[in-house]
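Visitor: Chains as they are written, first to last, in the numbering used here: chain A, 47 to 226; chain B, 179 to 571. By construction, the Cβ of each residue, glycine as well, lies at the ideal position given by its N, Cα and C atoms. So that we are looking at the same thing, I have put the structure below in structure tokens.
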């Protein structure tokens, strides 16, 4: 008899995998973005099942609320993308299928050689609050992850400046109708 | 033996649990069933509350406009909303040709879901809290932004260029105002030391946070109003603006869902402001009778909701470029500085042993003075630019 945790995991994992398959096979780009949102939500549920509540909420906040919405907006701004139905396979689809099957067989062979993983979520080293605090301290600790943290901020700043430069109107003075 | 008055929900839960286990179900399944039941109760109660909210809004706005409001259906027109809902239910659900069916039907669901989901972390009383997660504030931000997704899908799938324009504007507005909202939300987190809603309310037992951080409370309130799309930020769906914006192609109950979501969202942000800045369920004698906490929560949320309606009845609509300028040039810098000042003041109060109240009041006063100075300089430069005849900014 499966425990409730196992049932919840199987449902969430099944949902995630099915959505992921639908992302790559659906002919409409908008529908693919929606299936992607479902996949990301499934991953958030998997985080919850591993007792990582903070990461689940951050997953929703970053992936679904920012990245997925950005993908949808990009799809909307692309001309004719909402109407386009793309054919999902080309002439050499059998080569791709053989390569995927070989890769799948190899991965299964590797996985069956690992020792059996525990059925329940493993116990965390510290309590959840202590872990969160540790995460926060690790991001600003000089000996640990402050440099990647700051570099990520600089990267985001570069992306922000780049997007403003791209979105700026033409040089003022040449074109009087362009609003500053 | 759990005292009914002290912990009513746990008492009911205990009764149900013993009965269900007595029927022969597994304990974990019973836990799952009870949690499902509590989710259903919260969602239903909140959606039924919307009847009262819409009625209250219509009556109060009517009084502001020197008229009476609905007064025929039931005493003081209380059942007017029921009549409206019955009318909406019986209307035909017209789907425009060329509309993408999956996003079109999903959008109202997602919008309502995001608003109802916010009530899962609202602390109603010291012991009545649907879900006690320790990242409640982050949950509010993320679930609130899913509503943006619903609106985007609605505008995009309607096969209507006005709906699309309305959806773009809405998303731009909501994304812009989410920035100061999050920054202002961080201030109660700083002041109470935890992201959990119950911990934030507990941290307000001595002094509510709007005394310690009035600027943050104001910024949160204003940016929440913009997030919801209420007046004066309601150009997204005003009839004279973009012809009802993203919900132009929705009729019948689907439109009803957008309608309900908007009014409920307005009350939800009032409840959030009351919880985060006014003290939620705290008040006199709330330790003896936790049920009193619910009463205080309702009173405080209703006061803030009245202010929301008051603002709606008083201010003219703001244009989209004014909204953007207000956000990025004024509210976001003030919110950033407010966050930094609060952090510094909190550390100073702890390190130097000063009174916490005075340090924070002083920091906020300094922020107000600096803001007024900056506004004065900007006003003077704009005035000279205008008077010297060049293109006004």
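1. What separation, rounded to the nearest whole angstrom, lies between the Cα atoms of residue 634(B) and residue 232(B)?
2. So, for residue 270(B): in the same chain, excluding its five sequence neighbours on each side, which residues have a beta-carbon less than 8 Å away from its beta-carbon?
3. Is the beta carbon of residue 185(B) sitting closer than 8 Å to the one on residue 305(B)?
4. Alpha carbon to alpha carbon, how far is residue 75(A) from residue 497(B)?
5. Taking just the CA atoms, how far does residue 353(B) sit from residue 202(B)?
6. Can you have a look at residue 376(B) and say buried or exposed, based on whether 16 or more other CB atoms are within 10 angstroms of its CB?
7. Which runs of the alpha helix (DSSP H), 4 residues or longer, sit entirely within the segment 94–175 of chain A?
8. Grouping DSSP H, G and I as helix and E and B as strand, with all else coil, what is residue 185(B)?
9. How big is the Cα-Cα spacing for residue 225(A) and residue 543(B)?
10. By Cβ distance below 7 Å, which residues in the same chain neighbour residue 436(B) in space, the five residues on each side in sequence not counted?
11. So, is residue 215(A) buried or exposed, given that buried needs 16 or more other C-beta atoms within 10 angstroms?
12. For residue 465(B), count the other beta carbons within 10 Å of its own beta carbon; 16 or more makes it buried, fewer makes it exposed. Which is it?
13. Ignore the nearest five residues each way along the sequence and tell me which others in residue 257(B)'s own chain have a CB closer than 6 Å to its CB.
14. Are the C-beta atoms of residue 448(B) and some chain A residue less than 8 Å apart?
15. Find out if the Cβ-Cβ distance for the pair residue 398(B), residue 363(B) is shorter than 8 Å.
16. Against chain A, does residue 472(B) count as a neighbour if the rule is that its beta carbon must be under 8 Å from one of theirs?
17. Give the DSSP-derived three-state secondary structure of residue 567(B) in the structure shown.
18. CA-CA distance, residue 134(A) and residue 113(A)?
19. Does the segment 222–242 of chain B touch the segment 487–507 of chain B, meaning 3 or more C-beta pairs lie closer than 8 Å?
20. Please go through the same chain and pick out, in chain order, the residues whose beta-carbon is closer than 7 Å to the beta-carbon of residue 123(A), but skip the five residues on each side of it.
21. Any contact of the segment 436–450 of chain B with the segment 343–353 of chain B, i.e. 3+ C-beta pairs under 8 Å?
22. Hey, could you find the ends of the alpha helix (DSSP H) residue 490(B) is sitting in?
23. Of all the CB atoms in chain A, is at least one closer than 8 Å to the CB of residue 560(B)?
24. Please list, in chain order, all residues of the same chain as residue 385(B) whose beta carbon is under 7 Å from its beta carbon, the five residues on each side excluded.
25. Under 7 Å Cβ-Cβ, which residues of chain A neighbour residue 583(B)?
26. Tell me the start and end of each unbroken alpha helix (DSSP H) in the segment 352–399 of chain B that is at least 4 residues and wholly inside, in chain order.
27. Counting only the same chain and skipping the five closest in sequence on each side, list residues whose C-beta sits under 7 Å from that of residue 370(B).
28. On the three-state DSSP scale, how would you describe residue 52(A)?
29. So that I know if they touch, is there some Cβ in chain B lying closer than 8 Å to that of residue 107(A)?
30. Under 8 Å between the Cβ atoms of residue 333(B) and residue 341(B)?
31. Output needed for residue 298(B): all residues of its chain with C-beta closer than 6 Å, excluding positions within five of it in sequence on either side, in chain order.
32. Can you give the Cα-Cα distance for residue 478(B) and residue 302(B), rounded to whole angstroms?
33. Select from 423(B), 311(B), 474(B) the residue whose C-alpha is nearest the C-alpha of residue 103(A).
34. Span of the alpha helix (DSSP H) holding residue 448(B)?
35. Please tell me whether residue 175(A) has its Cβ less than 8 Å away from any Cβ of chain B.
36. Using a Cβ-Cβ distance cut-off of 8 Å, determine whether residue 206(B) contacts chain A.
Guide: Taking the definition as stated:
1. In the structure as shown, chain B begins at 179 and stops at 571. Residue 634(B) is therefore absent and cannot be evaluated.
2. Taking C-beta separations shorter than 8 Å and ignoring five residues to either side along the sequence, the partners of residue 270(B) in its chain run 429, 430, following chain order.
3. Taking the C-beta atoms as reference points, residue 305(B) is found nearer than 8 Å to residue 185(B).
4. Roughly 33 Å separates the two Cα atoms.
5. Roughly 50 Å separates the two Cα atoms.
6. Residue 376(B) comes out buried.
7. Taken in chain order, the complete alpha helix (DSSP H) segments of 4 residues or longer contained in the segment 94–175 of chain A are 99–105, 115–123, 139–157.
8. Here residue 185(B) sits in coil by DSSP.
9. Model confidence at residue 225(A) stands at a pLDDT of 45, short of 50, so the residue's coordinates are unreliable; what they give is reported in the following sentence. Those two C-alpha atoms are separated by around 37 Å.
10. Result list for residue 436(B): 286, 289, 425, 428, in chain order.
11. Its Cβ having fewer than 16 others within 10 Å, residue 215(A) is exposed.
12. Residue 465(B) comes out exposed.
13. The answer, listed in chain order, is 251.
14. Not one chain A Cβ lies under 8 Å of residue 448(B).
15. Yes, they are a contact pair.
16. Taking 8 Å as the threshold, the shortest C-beta distance from residue 472(B) to chain A does not fall below it.
17. Coil at residue 567(B), not helix or strand.
18. In a straight line, the C-alpha of residue 134(A) is about 24 Å away from that of residue 113(A).
19. Because the criterion of three Cβ pairs below 8 Å is met, the segment 487–507 of chain B and the segment 222–242 of chain B touch.
20. The beta carbon of residue 123(A) sits closer than 7 Å to none of the beta carbons in its chain outside the five residues before and after it.
21. The count of Cβ pairs closer than 8 Å, one atom from the segment 436–450 of chain B and one from the segment 343–353 of chain B, stays below three, leaving the stretches out of contact.
22. If you look at residue 490(B), you'll find it in the alpha helix (DSSP H) that goes 469–492.
23. Interface criterion not met: the Cβ of residue 560(B) is under 8 Å from no Cβ in chain A.
24. These residues qualify, in order along the chain: 535.
25. Absent from the structure is residue 583(B), since the part of chain B shown begins at 179 and ends at 571.
26. Fully enclosed alpha helix (DSSP H) runs of 4 or longer: 375–380, 387–390.
27. Result list for residue 370(B): 377, 378, 381, in chain order.
28. In the three-state DSSP reduction, residue 52(A) falls in the helix class (H, G or I).
29. So, interface residue.
30. Yes, they are a contact pair.
31. The answer, listed in chain order, is 308, 309.
32. Computed Cα separation, rounded: 11 Å.
33. For the residues 423(B), 311(B), 474(B), the minimum Cα distance to residue 103(A) belongs to 311(B).
34. It spans 430–451 - the alpha helix (DSSP H) in which residue 448(B) sits, taken as one unbroken run.
35. Interface residue, yes.
36. At least one chain A Cβ lies under 8 Å of residue 206(B).
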